[in-house]
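S.K.: If you're matching positions, the sequence shown starts at 41 in this note's numbering and goes up one per residue. Positions of the beta carbon are idealized from the N, C-alpha and C atoms, including for glycine. Pasting in a structure now, in structure tokens, and then I'll have a few things to ask.
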Amino acid sequence: MAKRILKTRLCDMLGIEYPILSAGMGPTLIGENTGAPVELVVAVSEAGGLGVLGGSGFTVDELRDAIREIKRQTDKPFGVDLLLPKKLSLGGPLESDTIQEIPLRKAIKELPKPYLDWLHKVMEELNLPDTNVTLKLNTTTMRPKESVQVCIEEKVPLFCAGLGNPGFMVEEAHAVGMKVLGITGNAKNAKRMAESGIDLLVAQGHEGGGHTGRIGTMALVPAAIDAAIPVPVLAAGGIGDGRGLAAALALGCVGVWVGTRFLTTNEGGALEVNKQRIIDSADEGTRVSTAYTGKTLRASLNKFHQLWDESGLDPLPFPIQVLISSTLQWSFIEANQVDYIGGLAGQISGIIHEIKPARQVLEDMVEEAVDILTRKLPQTVITK
């Protein structure tokens with residue numbers, strides 16, 4: 041069979057073959073392998089899409105090393121995704137510029153007393169072991185300005201802000217030939233980001249895994265397109281096969297930003313227990329909660345959600361809440377209490393039934409979308 045052609049103006053903008061980007065997924069937990077590691081980035085880019093590195097799990101130095109490793113493995117375009125919190129106030133030794141890392145069990149001692157008391161209560165009642173995971177204090181999330189500068193110095197083809205508005209860096213990025221992408225969950229923010237000068241916008245619906253908003257993809261995308269004109273828009277949330285890709289193009293998008301489906305690949309960096317939870321999931325097998333990061337985040341449904349709800353505590357600001365969730369999740373993992381374990385995942389989990397190579401996922405998506413657009417729609421839809 042001849043190689044399929046599926047091209048939009050996004051392909052010309054980024055120098056890629058297919059309008060498919062793998063989302064720059066970061067880790068759910070401190071110390072976890074990033075959800076979108078180098079291997080996934082390379083696989084997607086080599087297959088004709090654009091792989092995006094989930095940079096939030098790296099230290100600043102590790103980020104530079106990962107970017108250079110991607111360049112060693114492929115000459116195809118790629119992206120880097122970072123989280124840009126508005127402010128970072130950790131308190132105590134966690135704000136030190138001299139301390140590079142600290143045991144997680146020591147870091148949680150900085151938590152407010154009600155949270156620390158609850159954490160100790162849960163660990164005692166469930167007979168959980170202490171975790172030996174180390175908290176790195178020089179991660180890209182803790183050092184966003186330095187991390188952005190690394191991306192500019194390395195001339196990353198596409199910078200993606202998984203959280204926050206990257207408009208402040210557009211001029212400097214453009215000066216070295218980079219494109220800049222932002223992500224939104226509502227039309228108001230779509231307009232604000234477009235006016236900041238970004239090149240591309242992802243409209244992520246409520247269905248999406250990880251940090252997500254309140255508006256469904258089908259309603260959000262047209263509104264975001266209208267608000268962001270003339271900035272091109274990609275769709276995200278609930279897209280995991282060629283049907284979702286074809287639908288996004290029909291809505292007026294230039295491409296798609298795909299997370300959960302690429303997370304559940306051979307190269308996806310999620311813990312195996314979290315990949316399996318996605319495979320085993322039904323369409324109602326995810327939950328949006330502030331339990332993990334302090335911000336609304338969709339993850340595979342598990343007993344940790346209920347545990348946090350019953351605490352009666354308000355979430356701590358991002359990223360402090362991650363100290364709590366990571367402490368418990370690693371303890372659950374070490375104790376093999378899988379009912380309490382669950383990573384980032386979107387509602388599309390319900391149609392994902394196997395772990396495949398990233399290249400196959402992308403090729404299947406293109407094949408199905410092209411078949412819908414060139415054969416199925418003309419056969420089933422009468423137009424005049």
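Would the stretch 397 to 414 and the stretch 338 to 347 be scored as touching if the rule is three or more Cβ pairs under 8 angstroms?
M.R.: Counting Cβ pairs under 8 angstroms, fewer than three are found: no touch.
S.K.: Bridge partners of Pro143, per DSSP?
M.R.: Working through the sequence shown from its first residue, we reach residue 143 at position 103. Bridge partners of Pro143: Thr174.
S.K.: Does the stretch 363 to 379 come within contact of the stretch 321 to 328, defined as at least 3 CB pairs closer than 8 angstroms?
M.R.: Short answer: they don't touch.
S.K.: Who are the near neighbours of Ala276 in its chain, counting only those whose CB is closer than 6 angstroms to its CB and skipping five residues on each side?
M.R.: Looking up residue 276 in the sequence shown gives position 236. For Ala276, where only same-chain residues beyond five positions count, the Cβ hits under 6 angstroms are Val242, Gln244, Gly248, Trp297.
S.K.: Go ahead and pull the three-state DSSP assignment for Pro133.
M.R.: To locate residue 133, count along the sequence shown from 1; it is residue 93. Annotation note: pLDDT 46 at Pro133 (below 50); position unreliable, no value reported.
S.K.: Comparing alpha-carbon positions, which option in Ser389, Ser351, Gln346, Leu337 lies nearest Asp379?
M.R.: Along the sequence shown, read from residue 1 onward, the residue named residue 379 stands at position 339. Ranking Ser389, Ser351, Gln346, Leu337 by Cα distance to Asp379 puts Gln346 first.
S.K.: Let me know the secondary structure DSSP gives Ala42 once reduced to three states.
M.R.: Within the sequence shown, residue 42 is the residue found at index 2, counting from 1. It is coil, neither helix nor strand.
S.K.: Pull up the DSSP beta-bridge partners for Ala268, would you.
M.R.: If you number the sequence shown from 1, residue 268 lands on position 228. Looking at the DSSP assignment, Ala268 forms no beta bridge with any residue, so it has no partner.
S.K.: Assuming Ile148 and Thr367 form a contact by the criterion Cβ under 8 angstroms, report the distance between their Cβ atoms to the nearest whole angstrom.
M.R.: As a first step, residue 148 is located in the sequence shown; it is residue number 108 there, counting from the start. As a first step, residue 367 is located in the sequence shown; it is residue number 327 there, counting from the start. Indeed, because the Cβ distance is near 6 angstroms, the residues count as touching under 8 angstroms.
S.K.: Pick helix, strand or coil for Val100, following the three-state DSSP scheme.
M.R.: Along the sequence shown, read from residue 1 onward, the residue named residue 100 stands at position 60. Helix at Val100.
S.K.: For the beta strand (DSSP E) that contains Pro94, what are its first and last residues?
M.R.: Locating residue 94 in the sequence shown gives position 54, where the first residue counts as 1. Correcting the residue type first, residue 94 is Gly in the shown sequence and not Pro. Per DSSP, Gly94 belongs to the beta strand (DSSP E) from 91 to 94.
S.K.: Pick from Ala227, Thr114, Gly207, Leu384: whose alpha carbon is nearest that of Lys219?
M.R.: For the purposes of this step, residue 219 is taken as residue 179 along the sequence shown, with counting starting at 1. Closest option to Lys219, Cα to Cα, is Gly207.
S.K.: Looking only at DSSP bridge pairs, what is Lys396 linked to?
M.R.: As a first step, residue 396 is located in the sequence shown; it is residue number 356 there, counting from the start. In the DSSP output, where bridge partners are listed per residue, Lys396 has Thr305.
S.K.: Going by C-alpha to C-alpha distance, which of Asn314, Gly352, Glu312, Ile318 sits closest to Thr330?
M.R.: What you label residue 330 is simply residue 290 of the sequence shown in a count that begins at 1. Checking every option, the nearest Cα to that of Thr330 belongs to Gly352.
S.K.: Within the 8 angstroms Cβ cut-off, does Glu394 reach chain B?
M.R.: Protein chain content of the structure displayed is limited to a single chain, and chain B is not contained in it.
S.K.: Taking just the CA atoms, how far does Lys185 sit from Gln113?
M.R.: As a working mapping, residue 113 is identified with position 73 in the sequence shown. As a working mapping, residue 185 is identified with position 145 in the sequence shown. For Gln113 and Lys185, the distance between alpha carbons rounds to 27 angstroms.
S.K.: Just tell me which of Gly282, Leu46, Leu402, Asn226 has its CA closest to the CA of Asn306.
M.R.: Indexing the sequence shown from 1 puts residue 306 at position 266. Nearest of Gly282, Leu46, Leu402, Asn226 to Asn306, Cα basis: Leu402.
S.K.: For Cys200 and Pro77, I'd like the C-alpha separation in whole angstroms.
M.R.: As a first step, residue 200 must be located in the sequence shown, where it is residue number 160. As a first step, residue 77 must be located in the sequence shown, where it is residue number 37. Cα to Cα, Cys200 sits roughly 15 angstroms from Pro77.
S.K.: What are the uninterrupted segments assigned as alpha helix (DSSP H) that are 4 or more residues long and contained completely in the stretch 217 to 248, given in chain order?
M.R.: As far as the stretch 217 to 248 is concerned, its whole alpha helix (DSSP H) runs of at least 4 residues are 227 to 235.
S.K.: Can you list, in chain order, the residues of its chain whose CB lies under 7 angstroms from that of Ile238, leaving out five sequence neighbours each side?
M.R.: Position 198 of the sequence shown holds residue 238. Counting only Cβ-Cβ distances below 7 angstroms, and skipping sequence neighbours, we find Pro206, Gly207, Val210, Val220, Leu221, Gly222, Val271.
S.K.: Helix, strand or coil: which one does DSSP assign to Thr180?
M.R.: Working through the sequence shown from its first residue, we reach residue 180 at position 140. Correct three-state label for Thr180: coil.
S.K.: With DSSP collapsed to three states, give me the class of Phe208.
M.R.: Here residue 208 refers to the residue found at position 168 when the sequence shown is read from its first residue. Looking at Phe208 - three-state DSSP - the assignment turns out to be helix.
S.K.: So, helix, strand or coil for Gly256, using DSSP?
M.R.: Position 216 of the sequence shown, counting from 1, holds the residue named residue 256. Note: Gly256 maps to coil in three-state DSSP.
S.K.: Nearest-angstrom Cα distance between Ile412 and Asp281?
M.R.: Your numbering for residue 412 matches position 372 in the sequence shown. Your numbering for residue 281 matches position 241 in the sequence shown. Looking at the two C-alpha atoms, the distance is approximately 12 angstroms.
S.K.: Would DSSP call Phe118 helix, strand or coil?
M.R.: Taking the first residue of the sequence shown as position 1, residue 118 is located at position 78. Reduced to three states, the DSSP call for Phe118 is strand.
S.K.: Provide the residue span of the alpha helix (DSSP H) that contains Phe199, from first to last.
M.R.: On the sequence shown, residue 199 is found 159 positions in, with the first residue counted as 1. Careful: Phe199 lies outside any alpha helix (DSSP H), inside the beta strand (DSSP E) at 198 to 203.
S.K.: Give, in chain order, every unbroken run of the alpha helix (DSSP H) that is at least 4 residues long and sits entirely within the stretch 325 to 389.
M.R.: List check, alpha helix (DSSP H) in window: 343 to 349, 361 to 374.
S.K.: Does the stretch 53 to 62 come close enough to the stretch 72 to 88 that 3 or more CB-CB pairs lie under 8 angstroms?
M.R.: Yes: at least three Cβ pairs fall under 8 angstroms.
S.K.: Tell me, please, which residues DSSP counts as bridged to Ala215.
M.R.: Taking the sequence shown and counting its residues from 1, one reaches residue 215 at position 175. None, per the DSSP bridge assignment.
S.K.: As a quick exercise: from Leu203, Thr68, Ser389, Val92, pick the residue whose alpha carbon is nearest that of Pro197.
M.R.: For the purposes of this step, residue 197 is taken as the residue at position 157 of the sequence shown. Of the listed residues, the one whose Cα sits closest to Pro197 is Val92.
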